[in-house]
């Protein structure tokens, strides 16, 4: 975002995300690119810093450490809960994900272990603790509208 502008920019970015050994984790190729208002808390800080002073047509390789992505893996977010909390789930398996309501916001947890009547769930983001490797292509950049600034997301 140019410091002289009153409003942030909306970026449109194609991305390829790989892990440290080069395996594909996620991509926008063949689908809709990522659209975001610069400064939105929904987009990791490492991506925002990378595109800040870039223009349409720029392609970049970006290494994003955990601190600028999803944070470090927090062992305190792994909990044991009673199997009875999954009543109605007949074939509960490791790897299943569930949305829970924890106060003001919803949280996704993943089953990471089943020990008899106890189920271990992990509320860390699946990419927490990992350095992320992005190939980015900026395919759009424009000034955000007042409504987009107010809502914190692009409106089409």
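In our numbering, the protein residues as written are 864 to 1019.
Built from N, CA and C at the ideal position, the CB exists for glycine as well.
All figures in this text were calculated on a predicted structure; none of them were measured in a lab.
Tell me whether residue i sits in a helix, a strand or coil according to DSSP, three-state version.
{"i": "residue 1001", "result": "strand"}
{"i": "residue 1016", "result": "coil"}
{"i": "residue 911", "result": "helix"}
{"i": "residue 929", "result": "helix"}
{"i": "residue 1009", "result": "helix"}
{"i": "residue 1022", "result": "In the structure as shown, the chain starts at 864 and stops at 1019, and residue 1022 therefore has no counterpart that could be examined."}
For residue i and residue j, I'd like the C-alpha separation in whole angstroms.
{"i": "residue 900", "j": "residue 953", "result": "42 Å"}
{"i": "residue 866", "j": "residue 979", "result": "Its pLDDT being 48, under 50, residue 866 is placed unreliably in this model, and the value from its coordinates should be taken loosely. Residue 866 and residue 979: Cα-Cα distance of roughly 57 Å."}
{"i": "residue 992", "j": "residue 1003", "result": "30 Å"}
{"i": "residue 864", "j": "residue 914", "result": "In this prediction, residue 864 scores a pLDDT of 45, lower than 50, which makes its location untrustworthy; the coordinate-derived value is nonetheless stated afterwards. Distance between the alpha carbons of residue 864 and residue 914 is about 9 Å."}
{"i": "residue 975", "j": "residue 1005", "result": "42 Å"}
{"i": "residue 878", "j": "residue 965", "result": "32 Å"}
{"i": "residue 873", "j": "residue 967", "result": "28 Å"}
{"i": "residue 1011", "j": "residue 997", "result": "26 Å"}
{"i": "residue 870", "j": "residue 1009", "result": "8 Å"}
Should residue i go down as buried or exposed, given a rule of 16 or more other Cβ atoms within 10 Å for buried?
{"i": "residue 999", "result": "buried"}
{"i": "residue 935", "result": "exposed"}
{"i": "residue 1013", "result": "exposed"}
{"i": "residue 884", "result": "exposed"}
{"i": "residue 904", "result": "exposed"}
{"i": "residue 985", "result": "buried"}
Please identify the residue among the options whose C-alpha is closest to the C-alpha of residue i.
{"i": "residue 955", "options": "875, 897, 982, 927", "result": "982"}
{"i": "residue 907", "options": "995, 1009, 1008", "result": "995"}
{"i": "residue 920", "options": "876, 1018, 997", "result": "876"}
{"i": "residue 939", "options": "870, 987, 1018", "result": "987"}
Closest Cβ-Cβ distance between residue i and chain B: below 7 Å?
{"i": "residue 1000", "result": "No chain B appears in this structure, which consists of one protein chain only."}
Just to confirm the assignment, what range does the beta strand (DSSP E) spanning residue i have?
{"i": "residue 895", "result": "Taken as a continuous stretch (DSSP letters only), residue 895 belongs to no beta strand (DSSP E), as it is neither H nor E."}
{"i": "residue 961", "result": "960-965"}
{"i": "residue 916", "result": "No beta strand (DSSP E) contains residue 916, which DSSP labels as neither H nor E."}
{"i": "residue 984", "result": "981-985"}
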